[in-house]
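Protein chains: 8
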Amino acid sequence: MDAADVDEVLRRVSTGELDVESAGALLARLPFADLGSARIDHHRSLRQGFPEAVYGPGKSADEVSTIVTELLAHGSGPVIVTRADEQQRLAAEAAGRARAVTPQSTATADRWTIVLRPAADRGRRILVVTAGTADGPVADECAAVLGAVGLAPTVLRDRGVAGLHRIVDALEDLATAEAIVVVAGMEGALASVVGGLTPAPVVAVPTSVGYGAGLEGVTALLSMMASCAAGISVVGIDNGFGAAMAVVRMLKDPA
Amino acid sequence: MDAADVDEVLRRVSTGELDVESAGALLARLPFADLGSARIDHHRSLRQGFPEAVYGPGKSADEVSTIVTELLAHGSGPVIVTRADEQQRLAAEAAGRARAVTPQSTATADRWTIVLRPAADRGRRILVVTAGTADGPVADECAAVLGAVGLAPTVLRDRGVAGLHRIVDALEDLATAEAIVVVAGMEGALASVVGGLTPAPVVAVPTSVGYGAGLEGVTALLSMMASCAAGISVVGIDNGFGAAMAVVRMLKDPA
Amino acid sequence: MDAADVDEVLRRVSTGELDVESAGALLARLPFADLGSARIDHHRSLRQGFPEAVYGPGKSADEVSTIVTELLAHGSGPVIVTRADEQQRLAAEAAGRARAVTPQSTATADRWTIVLRPAADRGRRILVVTAGTADGPVADECAAVLGAVGLAPTVLRDRGVAGLHRIVDALEDLATAEAIVVVAGMEGALASVVGGLTPAPVVAVPTSVGYGAGLEGVTALLSMMASCAAGISVVGIDNGFGAAMAVVRMLKDPA
Amino acid sequence: MDAADVDEVLRRVSTGELDVESAGALLARLPFADLGSARIDHHRSLRQGFPEAVYGPGKSADEVSTIVTELLAHGSGPVIVTRADEQQRLAAEAAGRARAVTPQSTATADRWTIVLRPAADRGRRILVVTAGTADGPVADECAAVLGAVGLAPTVLRDRGVAGLHRIVDALEDLATAEAIVVVAGMEGALASVVGGLTPAPVVAVPTSVGYGAGLEGVTALLSMMASCAAGISVVGIDNGFGAAMAVVRMLKDPA
Amino acid sequence: MDAADVDEVLRRVSTGELDVESAGALLARLPFADLGSARIDHHRSLRQGFPEAVYGPGKSADEVSTIVTELLAHGSGPVIVTRADEQQRLAAEAAGRARAVTPQSTATADRWTIVLRPAADRGRRILVVTAGTADGPVADECAAVLGAVGLAPTVLRDRGVAGLHRIVDALEDLATAEAIVVVAGMEGALASVVGGLTPAPVVAVPTSVGYGAGLEGVTALLSMMASCAAGISVVGIDNGFGAAMAVVRMLKDPA
Amino acid sequence: MDAADVDEVLRRVSTGELDVESAGALLARLPFADLGSARIDHHRSLRQGFPEAVYGPGKSADEVSTIVTELLAHGSGPVIVTRADEQQRLAAEAAGRARAVTPQSTATADRWTIVLRPAADRGRRILVVTAGTADGPVADECAAVLGAVGLAPTVLRDRGVAGLHRIVDALEDLATAEAIVVVAGMEGALASVVGGLTPAPVVAVPTSVGYGAGLEGVTALLSMMASCAAGISVVGIDNGFGAAMAVVRMLKDPA
Amino acid sequence: MDAADVDEVLRRVSTGELDVESAGALLARLPFADLGSARIDHHRSLRQGFPEAVYGPGKSADEVSTIVTELLAHGSGPVIVTRADEQQRLAAEAAGRARAVTPQSTATADRWTIVLRPAADRGRRILVVTAGTADGPVADECAAVLGAVGLAPTVLRDRGVAGLHRIVDALEDLATAEAIVVVAGMEGALASVVGGLTPAPVVAVPTSVGYGAGLEGVTALLSMMASCAAGISVVGIDNGFGAAMAVVRMLKDPA
Amino acid sequence: MDAADVDEVLRRVSTGELDVESAGALLARLPFADLGSARIDHHRSLRQGFPEAVYGPGKSADEVSTIVTELLAHGSGPVIVTRADEQQRLAAEAAGRARAVTPQSTATADRWTIVLRPAADRGRRILVVTAGTADGPVADECAAVLGAVGLAPTVLRDRGVAGLHRIVDALEDLATAEAIVVVAGMEGALASVVGGLTPAPVVAVPTSVGYGAGLEGVTALLSMMASCAAGISVVGIDNGFGAAMAVVRMLKDPA
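For the protein sequence lines, the chains are A, B, C, D, E, F, G and H, in the order given.
Take the first sequence: its letters are residues 148 to 402, numbered as in this note's numbering.
Take the second sequence: its letters are residues 148 to 402, numbered as in this note's numbering.
Take the third sequence: its letters are residues 148 to 402, numbered as in this note's numbering.
Take the fourth sequence: its letters are residues 148 to 402, numbered as in this note's numbering.
Take the fifth sequence: its letters are residues 148 to 402, numbered as in this note's numbering.
Take the sixth sequence: its letters are residues 148 to 402, numbered as in this note's numbering.
Take the seventh sequence: its letters are residues 148 to 402, numbered as in this note's numbering.
Take the eighth sequence: its letters are residues 148 to 402, numbered as in this note's numbering.
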């Protein structure tokens, strides 16, 4: 039963073909699965401010091309492709240009983030802070996604706690930021230190940087979860996209 | 917006106060959260054959009493309390007797399973097989829950693979069962052996029996998941209730 | 001691060469390993409805060819090769065609599932539901194996819980299915949601899809084992074959 | 060297007792550890909006009393004691009453949260959603801390995904909340489902509720980290206080 | 079908009531589960040299008493009760004395090992070596079980590798032993050192002695499995009984 | 201080240059590191019956060649190279032929085991039993090493417990073996079943066969450690060499 | 063969009863296990500066008393009892007073450290730094052991990184210390920060403080092992004694 | 605000342009991040004796070249590049030669350590001891870094505990060393044995050598953390650089 069916019920009520009680019974039986476009619209509005995102791995270049084309055709918001390989990047870029959209591609590790039709910058104060050079690609993915929705961050790199002055130098920025993403591998201690220096929301991203006891990011993840600085929250390992989306949720425009 | 609201919309359509288009728009905005009793009824029918179950831990004896009383007041199916402590057991039994229902209580480890208003036995061939004496309480919980819904099983105890004849003795029963629950701790090998001896569905329950390398049931869990016998499925450690419910799902009466 | 030996003992009893007591003693010493063909026949009947399955990894293409040829020569039921590499697939297909059997090959991840001589469809209502696109190959393996034994499922793809309407849309199918396989990686939450929406048996397959905190499927596995929906059972990570076999056990024809 | 020392240096410069170069050398040698009250004031302002929190475990009742008394004496903001045992609770309450402050104590598991001098309510829309009854104490801790800083939440209890209607009923609230804390044990699937239904920031708290495969909260933690819903962030197991603080960071008043 | 049934078949063959072919068919259908006492005898003979062992945990004192009484009544070999609590110990001792058997009870941690009717000493050279004082109870359980079957060992205590001379002092004994059990917690290094100093079979028992990084014996277990000394084999954590049985298997008398 | 030094001390005692007391003091200070050849000889005799083994990984082909040449030059016992890659195999074979020794090379997974100058067969009854085809390479390594020292085993392949008759068929062999190596991956249940069917020493080798919940052999390892069959001992994952050496220790000729 | 035997050999050489060659052969056969007191003396000198330490758990109060008495009777260095329970503490103190030694007892968690006959203070600059109040007992154990050997440290408490000024305040002390022990639970980040602020050796002690994601100290342990600050080394969880001993090794007096 | 700003403030105070109160306020607002060169100089002095180290992975060859060139241009101490791939090695060597510095490159596993401008040897007694041949590359990295700072060690290879004489032969060296690095994979027992034979500081490096139960170095790590020899400290898996730096911290020249 879809919206047309509902209209038909209503029409029959309006003409007296169907009494109120029977119509109520009919509608009451509506499984909530059948609300069709209404629910979808509703759902979409819920996501206001979210970019349309295409996760690359497991999709063919053709599939990426098709999805990007479709997303550009319907709607006007930002479209983003994450973790794209070389083939997928070329496909996404071509799909963009075919619709006169200039793609912005960022290399993130051995993958690409492609942004199409980014939102205008909203002038918020966002920081992305990395502990070491090797955390850069995850931070880049995060920054690209934030940029796509108009929340382009300042990226402070290589601020690991072993050289404390490197993070202390950023004290002013930390104190005034509206949201901070901390990207750190190894022992992930940067999240605790940053959390202690700022009242801003801190989203920590553990990275798989490091070896041995870093356990592919699990050490940093646990370390961030157990942080002695209150109110730090954590997203998945190497999940720069997830961290960006957590910030998007925090800074969405008032409804 | 609830069912009364829907009726009001319909009434206004029937009187011409509201045109079809406007009414459709109103109804289309119905978040699917608002379908009220219809959905709940639907949901209840989905659960047909499931016992109403109350999980004891974290509830006060008074809360158990209140819930049991309410469940007995509405509906006529089986009510079951699991993992009840001594206080909860007494409360549940009293709540039953207050409504002239005779409680059946089974000791399971340091906890109780209480069954009230069990369904009539359905005469199916269910087996619960344990590897060792110490797996008994988990098997007992499973058997009590199965009994509550009319699927009282035969329980074969102490059939661990180290004495292969003990499981081979049950070959006939295994071959003709409609469903088999295997309850085993330590290395959990019994599930693989049973799985190889029967075409019946096998639900394996790892138990926290054993010590050291048994890792509180994790070894048995992993062992059962990795079984070389095809088509064995597994529920959580010590989860006799879950195994019973898996069997309930398999053997529910045709709709 | 084999069947001939037993006959010899009996012959000597019948001629009086051996008295009953001595013969009983002889037979009593029969190790149960020596019952020979009787036991094997019995065992075969136990497996009725199971496909003959060949697990590819660790076998040469020649070995696959030999085994498939032999299985096609003896018996008339379905033969299935799982996790075959390209060489093994070609060998299996050739072995099939050499016996005038048309192979059906399904790509599953970087492997193949090949079905030969599938059973006629039995018209049962089976669902295979996946959370995301990347869970597809595991679902495909499961569906191919189910198809081989006459239990071809409907496959619902991309029904992850982050877009709840995608699973709610399937409510009708879920409510009436005879068995449901849920294939999900990442956090595996789909199994819990499906389990709450249907009284049907639910077999959950964790997949190694996702990265970081997904821990190669272990997170989904644990999540499914700990599900708050009662009666869900779980098979091994990425084990589409195992899930299919669990369904086969549940829906085998009455003996 | 503290602020008085700095003033003394300046005074001597102003009187010519000290030349600029020497004074610069003196100040340049100031280890940044020695800025005294300036740094502390600065630091305190950074924390604007944070409650003064005392973590109970490992402290004597006397120590709790002393700290609470001191915190109430200096400053005017909220003071909160978390995870207090019975003795600590009585000590904190007495310390409050001694300064004419009415304590508000909330039972959380076998511990107490005591709030003294709570901030006025700020009228924000915060939700705390729990999966099951047993997650209640963690949610209560979270709500008490939020209440202390003027962010008293609405608590929706028992909305686990196995009964999907229970969470769908809250759709309206979820869609309009400014921040949502999801408290869930077992498989933690509620966080993914909520994340898919709202654009609001979602802070997930895994709880140690459940047994066996729940692994004392680790399963829920991993599940939440690996969530298929983008932008969910996670705090430590049972860390209701941490989740509250994460919300405090998000909703602090503009500087 | 049991031994009596077999005799009846044979009787009918001897009398001509049944021809050989029919009788053969009857017997061939014997599921191997039905061989009754014959199999049990056969099975028992397989175990020649094994003590009859009763594992205490999960049994009532009465059950222990009953089982011990029965085991003493049938057969003449050693009977052993392991991990008995105080009640079980008293019950086992009483059961022994009631049959004029003198019990030997050994305290092992907070449990008891009781030996009844031990075999005569066989004069073999067995060593049980412990790393530290705290490994003593596990070694004692092992020694008691070995003593029960006539393989009473020499126990060398406190020979951990941090004081290398303590193990070097035992070089002569190590070189001439027929079997060696190494009992060690913490890092379990003693097994590797002993393995390098002797050609004898070495059975390593990890113990849960130590704290923190010892991970309740898992560190020692892994360490022993990964030993650089070839040919060391390992039993479960704290499993002194298992180690004794491994030695029993190695040194059983020729058949 | 070496043997020459000792002789010099003795010489000076014999000539009266040194008195007994002073000489004793000198010798007492001998660190036990300085006993030179005596200790080495002693140590070598301890290893009597052990093959000289060269572990391939991490060595260059030249290094393997040099070591093999040297081992063949000194002594007359068996020499074995394990886990050799193609280059190392060729080097080892050439080194053998250069000394007129015929190499025997066995393919084990993607590696080789090369035996040179094997001992004469000692006619013992050893079994190596595998659960599945894929466990073959580990069993082959084990068998090659056993063969090198004159303990060539009978290898029974593909006796996994899911087809119980396959292991029951071997009952006679199991009952009379002097030592049994069980090689099994997945859930490793074969070790428990074999342990229950034989009084012989059982050395279990977990293999990394299988995927997902097999956890690269950890599941089988834990399962074997937690076996309900008493007296089974375990070596490291895929460690066919270690299992062979454990048997060598058990069956060494009397000193 | 002991020292007396050596003397006898020498005597016979000196009298000509034994020639040099034969005596050399005799001595060369000395197993290195037989060097007796010489080796022990040597070993003792190796330990110079180490306290005699008695680990409480697993020992009776009587055993503690006996050992302490004996240690006080022989030698003159410090004696220390660690992890003593109340009974053991009283026994150790009484044993000390019986020999006119004044015991110093420090409460560490629910255990005691007792020091008897401490060495004179050596005037070294040692720091023990804790992250939080709850790390205190581990730091106290460490400090008590250091004090016993004349290395009494300065203990800086509650310097966790969430309040960075607390550690920065100690900059001077950190820069000039000869050795630093960092005691931290939760995420253990303090070790990295301290390591970046000092060139001194840093020994990190993870503690089991914290809950949930702290994993009983494993998170801190991993975090410290993976530290981005070079040259930090780590001891076991809660192992204050071990950390003290690591410092003792570093600062032993020149031989 | 830097030192110049401070001087300007002071100048204005000295000229009366600024009163003391205002100047104090200005300086009090100095975030401690702004102390500029003073702090950095201070920090540099802290690091005296540390090599400037460049970690290769994640950097381009060009970046390595640039950093090396810069480090050689400023300062005169040792420069070291670790874990360099072939391209990075060539770039580092060329950058050195361009400044007339002779590079020393050491192969470590599949990576290189390059040392430029090493310090003069300081004549200290350092040992690096490896358990097996395969631990060599980690030891080589450690030795190269130590050599760069003038602490070139003696490397004792292949001293695993399975052949105890190999470590006992080094007794003299162990007893007199000033610091010892133990590099061991598999079960890591060598650290405990060495720790028991020497009073020197022992830094243990677990390596990922070995397979199966070695768990990529985790077994060795845990084993070393749980060592029965007191005062051993541990660095991360395969972290030869970290171990060298720990020694550098211990043996830095007096300030």
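Think of the CB as a built atom: it goes at the ideal place given N, C-alpha and C, for glycine as much as any other residue.
- For B/GLU233, there is no enclosing beta strand (DSSP E); the residue is part of the alpha helix (DSSP H) that begins and ends at 233 to 245.
- In this structure, A/LEU318 places its C-beta atom within 9 Å of the C-beta atom of A/LEU344.
- Proximity of chain G to H/ARG396 at the Cβ level (cut-off 8 Å) is accounted for by PRO346, ALA347, PRO348, VAL349, GLY378, in chain order.
- Here the segment 270 to 277 of chain C lies against the segment 294 to 301 of chain C, with 3 or more beta-carbon pairs under 8 Å apart.
- D/GLU164: not part of any alpha helix (DSSP H); DSSP gives it neither H nor E.
- Only those residues of the segment 264 to 285 of chain B whose C-beta falls short of 9 Å from the nearest C-beta of chain F are listed: ALA278, GLY279.
- Boundaries of the beta strand (DSSP E) around E/ARG258: 258 to 263.
- DSSP, read as helix, strand or coil, puts B/SER339 in helix.
- Straight-line spacing of the CA atoms in F/ARG258 and F/ALA290 works out to 15 Å.
- Against H/VAL381, the close residues of chain G are MET372, SER380, VAL381, VAL382, in the order they occur along the chain (beta-carbon pairs closer than 8 Å).
- Counting C-beta atoms within 10 angstroms of its own C-beta, F/THR323 has fewer than 16 neighbours from the protein chains shown and is therefore classed as exposed.
- Taking the Cβ atoms as the reference, G/LYS399 lies roughly 6 Å from H/PRO346, within the contact range of under 8 Å.
- Per DSSP, F/SER370 is not a residue of any beta strand (DSSP E); the alpha helix (DSSP H) it occupies stretches across 365 to 372.
- With contacts defined as CB atoms closer than 9 Å, C/SER355 and D/GLY307 fail to qualify as a contacting pair.
- F/THR253 sits away from F/ARG230, with the two beta carbons spaced by 9 Å or more.
- Using a Cβ-Cβ cut-off of 9 Å, C/ALA390 counts as an interface residue toward chain B, since at least one Cβ of chain B sits closer than that to its own.
- Under the Cβ criterion of 9 Å, C/VAL365 is not counted among the residues facing chain E.
- Within a 10 Å sphere around the beta-carbon of D/ASP385 sit 16 or more other beta-carbons, which makes this residue buried.
- With a threshold of 9 Å between beta carbons, G/GLY310 makes contact with chain A.
- For B/ARG258, no Cβ of chain A is located within less than 9 Å of the residue's own Cβ.
- Per DSSP, the unbroken alpha helix (DSSP H) holding F/SER212 starts and ends at 208 to 220.
- In this structure, DSSP gives G/ALA299 a state outside helix and strand, which the three-state scheme calls coil.
- Assigned with DSSP and collapsed to three states, B/LEU274 falls in strand.
- The residue among A/HIS312, A/GLY222, A/GLY335, A/GLY203 with its C-alpha nearest the C-alpha of A/ALA281 is A/GLY335.
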